[in-house]
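S.K.:
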Amino acid sequence: MKKRLMVVDDSRVMEHQIRKLLEGTEFEVTAYCENGEEAIARYEEIKPDLVTMDIIMPGIDGLEATQILIEEHPEACVVMISSLAYEDTINEARAVGAKTLLYKPIKQAELLLALRQALED
Amino acid sequence: MATYQEQLAAICDETIRTITRQETGILLTPGEVTPIRPVCTVSITVWDRDSYLSLCAETVLFTRLARSVMQEEHVTLQDVEDVAKEYLNLLGGHVISELFREKRIPVRFSVPAFHPGRYAPPGSQRNLVLTYSSDQHEFLELVQHTLCRARAEQLDTN
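Protein sequences, first through last, are from chains Y and P. In terms of the working numbering, the first sequence opens at residue 1 and continues consecutively. In terms of the working numbering, the second sequence opens at residue 1 and continues consecutively.
#1: From the DSSP output, in three-state form, read off aspartate 135/P for me.
#2: Judging by CA-CA distance, which residue of Leu77/P, Leu53/P, Ser51/P is the nearest neighbour of leucine 61/P?
#3: Determine contact between the segment 69-85 of chain Y and the segment 93-109 of chain P, defined as no fewer than three beta-carbon pairs at a distance below 8 Å.
#4: Starting from isoleucine 70/Y, trace the alpha helix (DSSP H) in both directions and tell me its first and last residue.
#5: What is the DSSP secondary structure of isoleucine 56/Y, reduced to helix, strand or coil?
#6: Helix or strand or just coil, what does DSSP make of alanine 41/Y?
#7: Evaluate arginine 126/P with the Cβ neighbour count: other Cβ atoms within 10 Å of its Cβ, from every protein chain shown; 16 or more gives buried, anything less gives exposed.
#8: Alpha carbon to alpha carbon, how far is leucine 113/Y from leucine 63/Y? Give it in angstroms, no decimals.
#9: Note down the Cα distance separating arginine 4/Y from phenylalanine 27/Y, rounded to an integer number of angstroms.
#10: Is valine 13/Y close to chain P? Criterion is C-beta to C-beta, closer than 8 Å.
#11: List the endpoints of the continuous beta strand (DSSP E) containing threonine 30/Y.
#12: Examine chain Y for any beta-carbon lying closer than 8 Å to the beta-carbon of aspartate 82/P, and answer yes or no.
#13: Under 9 Å, CB to CB, which of the residues in the segment 58-86 of chain Y have a partner in chain P?
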C-alpha cells in the first residue's frame, strides 16, 4: 500500500512536479492544499502519512502552518520545501517540528530520501 | 570591493542563467534586447529592503518554460502563469539566499504576482536591469525596483 502524501503549496506547478517525481514509487499524492489554513482544516479528514509544506504562501506561512499542524496533530510528519536556501531557514523549520527542509528545485532522489527518512524518524 | 549593486547584479545574472539552463535547457545570453512579441511580468516584493524583483518576458518564452517544467506539450494560459510565478519564486529564493551568505541579512519575499504586459510597482524606480535573449531570440528582463535607496546606500558602506 502506497504512502499517502499531502502537498501544501500555493503553486499548482509544485504539486504537479511532486506528483510526477513520485510516479512509480511507494508514495502518491492524495491531497493538495493551496495554503496553510486549508492544510490545517483538512488534515484530520485526510490523515496523510506525510505532508510537504511550502514556506512562502498567502495567509499564514508554511512555518506557522507547520507549527499549528504539529501542535494539533503531534503525529504529523512534515517535510518543508523552499527556495530559501540558507541555514536560518533550516533552523526555523526544525524549530517548528518539521523533519527536514528541501531546497527547490527538488530532484527525485533527494525527495525520496527525505520522505523515507521522515517516516523512519 | 564590489558595491552591493555590483554584487546583486552578479548574483542575479549567475542565478538566472544557471537555473534556467539546468531546469529547462534554455540558454540566456545577456545583451541589449527589446521585445517584439507580447510580454507579461511576474513580480515579488522583497521585504527588509523595500524593493521588488520583476521578471518580464515574451509570453512565448514563458510558454516554452511551462512546457519544459510541466513536461507537457500542451499547456494552458493558467499553466504559463503558474510556471512564471513559480520560476520567479525559485530565482528570488536563490538570489536572496546568496545575498544572505554575503551580507548575513535574512530576508523574506512575497508570493509572486502576475501582470499581463510590462509592469513596474507604483512609485518605484528601476535600480538594476538585466536583459537577455534566449537561444530562440526571445526577450527576458530581470529588474530590481526600489522605493527607498537609503538602506542600499548603507549596505554599500558595510
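Idealized CB from N, CA, C, for every residue including glycine. Source: prediction; values computed, not measured.
M.R.: Working from what's here:
#1: Along the second sequence, one-based indexing puts residue 135/P at 135. If DSSP states are grouped into helix, strand and coil, aspartate 135/P belongs with coil.
#2: Translated into positions along the second sequence, residue 61/P becomes position 61. The option with the nearest alpha carbon to leucine 61/P is Leu77/P.
#3: Inter-segment contact for the segment 69-85 of chain Y and the segment 93-109 of chain P is present: three or more beta-carbon pairs are separated by less than 8 Å.
#4: Along the first sequence, read from residue 1 onward, the residue named residue 70/Y stands at position 70. Here the alpha helix (DSSP H) through isoleucine 70/Y covers 62-72.
#5: Your numbering for residue 56/Y matches position 56 in the first sequence. Isoleucine 56/Y falls in the coil class under three-state DSSP.
#6: Within the first sequence, numbered from 1, the residue matching residue 41/Y stands at position 41. In the structure shown, alanine 41/Y sits in a helix (DSSP, three-state: H, G or I).
#7: As a first step, residue 126/P must be located in the second sequence, where it is residue number 126. Sixteen is the threshold: since fewer than 16 other Cβ atoms of the shown chains lie within 10 Å of the Cβ of arginine 126/P, the residue is exposed.
#8: As a position in the first sequence, residue 63/Y is number 63, starting the count at 1. As a position in the first sequence, residue 113/Y is number 113, starting the count at 1. Cα-Cα distance, rounded: 21 Å.
#9: Indexing the first sequence from 1 puts residue 4/Y at position 4. Indexing the first sequence from 1 puts residue 27/Y at position 27. Answer to the nearest angstrom: the Cα atoms are 6 Å apart.
#10: Numbered from 1 along the first sequence, position 13 holds the residue referred to as residue 13/Y. So, interface residue.
#11: Stepping through the first sequence from its first residue, residue 30/Y is reached at position 30. Counting along the chain, threonine 30/Y sits inside the beta strand (DSSP E) bounded by residues 27-33.
#12: For the purposes of this step, residue 82/P is identified with residue 82 of the second sequence, where counting begins at 1. With 8 Å as the cut-off, aspartate 82/P counts as an interface residue toward chain Y.
#13: Close to chain P, meaning a Cβ-Cβ distance shorter than 9 Å, are the following residues of the segment 58-86 of chain Y: Pro58, Asp61, Ser82, Ser83, Leu84, Ala85, Tyr86.
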